[in-house]
Structure formats: C-alpha cells, structure tokens
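S.K.: Every letter in the sequence shown is one number past the one before it in the working numbering, and letter 185, counting from 1, is 190.
Quick reminder that beta carbons are idealized off the backbone N, C-alpha and C, glycines included.
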Amino acid sequence: MNEINNEQIKSILFEVSKEFILPKFKNLKSEEVKFKNKRDLVTEVDLAVEEKLNNILCSLLPNSLFVGEEKFSLNSKLFDCYKQNQYCWTVDPIDGTANFVNGKEKFAIMVALTFSDQIIQSWIYKPLTEEICSALLGEGTFINDEKIIITNNRNISEASGSISSKYWNETFDLKMKEIRPKFKQVKSYGCIGFEYLEIATNIRDFAILSNLSPWDHIPGILIVREAGGFDIHFDKTPYAHNIEKKNLVVSGSITLQNEIINLIKE
Numbered sequence: 006m007n008e009i010n011n012e013q014i015k016s017i018l019f020e021v022s023k024e025f026i027l028p029k030f031k032n033l034k035s036e037e038v039k040f041k042n043k044r045d046l047v048t049e050v051d052l053a054v055e056e057k058l059n060n061i062l063c064s065l066l067p068n069s070l071f072v073g074e075e076k077f078s079l080n081s082k083l084f085d086c087y088k089q090n091q092y093c094w095t096v097d098p099i100d101g102t103a104n105f106v107n108g109k110e111k112f113a114i115m116v117a118l119t120f121s122d123q124i125i126q127s128w129i130y131k132p133l134t135e136e137i138c139s140a141l142l143g144e145g146t147f148i149n150d151e152k153i154i155i156t157n158n159r160n161i162s163e164a165s166g167s168i169s170s171k172y173w174n175e176t177f178d179l180k181m182k183e184i185r186p187k188f189k190q191v192k193s194y195g196c197i198g199f200e201y202l203e204i205a206t207n208i209r210d211f212a213i214l215s216n217l218s219p220w221d222h223i224p225g226i227l228i229v230r231e232a233g234g235f236d237i238h239f240d241k242t243p244y245a246h247n248i249e250k251k252n253l254v255v256s257g258s259i260t261l262q263n264e265i266i267n268l269i270k271e
C-alpha cells in the first residue's frame, strides 16, 4: 500500500488555498459564480483548485486516477474509476461552495485516496484556520498531529446532528419530518466536511444523508471510522464508495446508529 505523507498533503493544500481560495474569499465577482444545475453553485475557484490538485496529486502517485466534483458533473462515467484495481484520488475542491460564495466561514477542501473498494487515506483542510484532519486506514484519525477518538455515547434525545433534506422522495421526506423532533438539535451547515469533523471530534453525534456523491463522503467516512464512529445504509449494509446508494446514517456510537435505524424502519 502506498502511504502519502501528511505533511506533504498539508503543504499542497496550504499552497493551493493561498493561491486560489483565500484571495477570493469575500472577494468574488458575479461573473466568477454560476449554477451548474438547479441546486448547486460552482465558481472559477472550484475549477482552478480542482485542476491544480488533479495535476499535483496524480504526479505524486503515477498512474493514479482522479475523480473531482466538477469533472464528475460533466462525466458521470468517472464513477467507474472506483471499480478499477487502481489508486484513485477523490477531491471536493471547495466543500461548502455556497458558504464560500456568501462569505460564510464553513468551507473546506476534501481529498481521499482509494484503491478498489478500500479507502486508504483522507484529508479535510480548513483554509481559514489551516487546520487539517487526516485519517489512515488502520492507523487512526488525527487533527494536525494529535490523534482523536470518539467518546460520545448519547441517546437520541441528547443527540445533535444533521438531516439532509434535498434529495428524499416524498415518503422518506415525511419520515424525516416525523423523526426530527426526537433529537436534541438538528442543523445542517451546508458543508458536510464540517459535519463529519464534528462527529469525529465529539461535537456532534450523527448525520442522516440522502445524496451520496463520492467527493462529499469518501473523505469523511474514513475520518469518522478511524476515530471510532460508524456508518450504515438504511438496508443495514456499510458504506461502500464503489456502490451507488442514496441514503446513509453516520454516527459516533453503535447504540445511536441502531436507534436511528430503528426509528427510520418504524
């Protein structure tokens, strides 16, 4: 297994952020922002960051594949990269693009390295604070150089987290509205990377997700798993980045995970 040096990745993300992201934070021109579909924004910064990381990361690991959010939006066949016995980079150049566009601070760069059906390494980088969270398969999750472990074991009435609401069908939408009041707090950030980080660092407890774009979830899944957390689809199978599914529960404890699944199945 090829292990990529964390300091090298942090340096790359720092330089890319310094070159492309920070100069444009609260300084975007209207012509640099557009809708790529009915729901989602894209900026010239997203495109530039993704292209830069494509070039740099693939040079670090010759013959590796690359799936970026913006490239995927133009060619969904890139999902087949995850079915190859090759290393593949996955990148969300700006997770939380709408926040970035609106001058809100919750946005991040997300990167992961996979091989076939395994998530090998992942990184979530906060440009404004230069904080990086990383995970290595079998070795744990780290913020900068400090190992972190999930210790929360709250039940539903004490739990805080998020429920994605964009992509449910009518039946599931009604179910989510029904179970929402059972939690202590439900709030989405518009940046799933931040939500994964807060589960891994014991700030939040869960996320119930409806749209599983690989760049949104591959990095965070490994970070939560290696910190001691859990993930499961409504059919009680674990997340697999090379299989397309449309729902997921991520949680800090197996007890909470089971409680949520049981609620959904009622």
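1) Taking 8 Å as the cut-off, does the stretch 53-61 touch the stretch 12-32 (at least 3 CB pairs, one atom from each stretch)?
2) How many whole angstroms separate the CB atoms of SER215 and LYS189, which I take to be in contact at a CB cut-off of 8 Å?
3) With GLY166 as the anchor, note down where its beta strand (DSSP E) starts and where it stops.
4) Where ASN11 and PHE120 are concerned, what is the direct C-alpha to C-alpha distance, given to the nearest angstrom?
5) Give the C-beta separation of ILE228 and ILE154 to the nearest angstrom, bearing in mind that I take them to be a contact with Cβ-Cβ under 8 Å.
6) What do you reckon, are the CB atoms on ASN157 and GLY257 nearer than 8 Å?
7) Closest by CA to ILE125, which one among TYR87, PRO98, ASN149 and ASN160?
8) Under three-state DSSP, which class holds GLN91?
9) Which residues does DSSP pair with THR119 in a beta bridge?
10) From LEU27, VAL116, THR134 and ALA164, pick the residue whose C-alpha is nearest to that of PRO224; which is it?
11) Take TYR194 and list the residues in its own chain whose beta-carbon comes closer than 8 Å to its own, dropping the five residues that flank it on each side.
12) Indicate, with yes or no, if the ligand NAD has a heavy atom lying under 7 Å from the CB of SER64.
13) Tell whether a beta-carbon distance below 8 Å holds between ALA205 and GLY234.
14) Could you give the DSSP three-state label for SER256: helix, strand or coil?
15) Based on Cα-Cα distance, which residue from PRO219, SER169 and ASP150 lies nearest to VAL254?
16) Secondary structure at LEU142, three-state DSSP: helix, strand or coil?
17) Applying the 10 Å Cβ sphere with the 16-neighbour rule, what's the burial state of GLU75?
18) Report, in whole angstroms, the separation of the C-beta atoms of ILE137 and LYS15, which I expect to be a contact under 8 Å.
19) Just curious, the beta strand (DSSP E) that GLU151 is in, first and last residue?
20) Drop a sphere of 10 angstroms on the beta-carbon of ASP236, count the other beta-carbons inside from all chains shown, and report buried for 16 or more, exposed for fewer.
21) Taking its Cβ as the centre, do 16 or more other Cβ atoms sit within 10 Å of PHE40, making it buried, or is it exposed?
22) Whose C-beta lies closer than 7 Å to the C-beta of LYS250 among residues of the same chain, with five residues either side of it excluded?
23) Does the separation of the CB atoms of PRO28 and GLU55 fall below 8 Å?
24) In the DSSP assignment, what residue or residues form a beta bridge with ILE114?
25) Out of curiosity, what's the CA-to-CA distance linking ASP240 and ASN263?
26) Rank LEU83, LYS57, TRP94 and SER78 by C-alpha distance to the C-alpha of TYR67 and give the top, closest one.
27) Quick one: Cα of LEU52 to Cα of SER78, how far?
M.R.: So, from the data block:
1) Judged by Cβ distances under 8 Å, the stretch 12-32 makes contact with the stretch 53-61, as three or more pairs qualify.
2) In this structure, SER215 and LYS189 do not form a Cβ contact; the two beta carbons are roughly 21 Å apart against a cut-off of 8 Å.
3) That run of the beta strand (DSSP E) goes 165-168.
4) If you take the alpha carbons of ASN11 and PHE120, they lie about 18 Å apart.
5) In fact, because the Cβ distance is near 12 Å, the residues do not count as touching under 8 Å.
6) Judged by their CB atoms, ASN157 and GLY257 are nearer to each other than the 8 Å cut-off.
7) Checked all of TYR87, PRO98, ASN149 and ASN160; the closest Cα to ILE125 is TYR87.
8) It is coil, neither helix nor strand.
9) THR119 is bridged by DSSP to CYS93 and ILE124.
10) With distances taken between Cα atoms, PRO224 lies closest to VAL116.
11) Excluding residues up to 5 positions away in sequence, GLY101, ASN104, LYS111, SER167 and GLU200 lie with their Cβ nearer than 8 Å to the Cβ of TYR194 in the same chain.
12) Inclusion of the ligand NAD in the displayed structure is not the case, the ligand content being empty and no account of it being possible.
13) Yes, these two residues count as a Cβ contact at 8 Å.
14) SER256 falls in the strand class under three-state DSSP.
15) Checked all of PRO219, SER169 and ASP150; the closest Cα to VAL254 is SER169.
16) LEU142: coil per DSSP, three-state reduction.
17) GLU75 comes out buried.
18) Between ILE137 and LYS15 the beta-carbon gap is near 5 Å, inside 8 Å, which marks them as a contact.
19) Boundaries of the beta strand (DSSP E) around GLU151: 151-153.
20) Sixteen is the threshold: when 16 or more other Cβ atoms of the shown chains lie within 10 Å of the Cβ of ASP236, as they do, the residue is buried.
21) PHE40 counts as exposed, since fewer than 16 other C-beta atoms from the protein chains shown sit within 10 angstroms of its C-beta.
22) Cβ neighbours of LYS250 beyond the five flanking positions: LEU217 and HIS238.
23) No, these two residues do not count as a Cβ contact at 8 Å.
24) Note: ILE114 sits in a beta bridge opposite TYR130.
25) Taking the straight line joining both Cα atoms gives about 12 Å.
26) Sequence inspection shows Pro at residue 67; the Tyr mentioned does not correspond to that position. Minimum Cα distance to PRO67 is reached at TRP94.
27) Those two C-alpha atoms are separated by around 11 Å.
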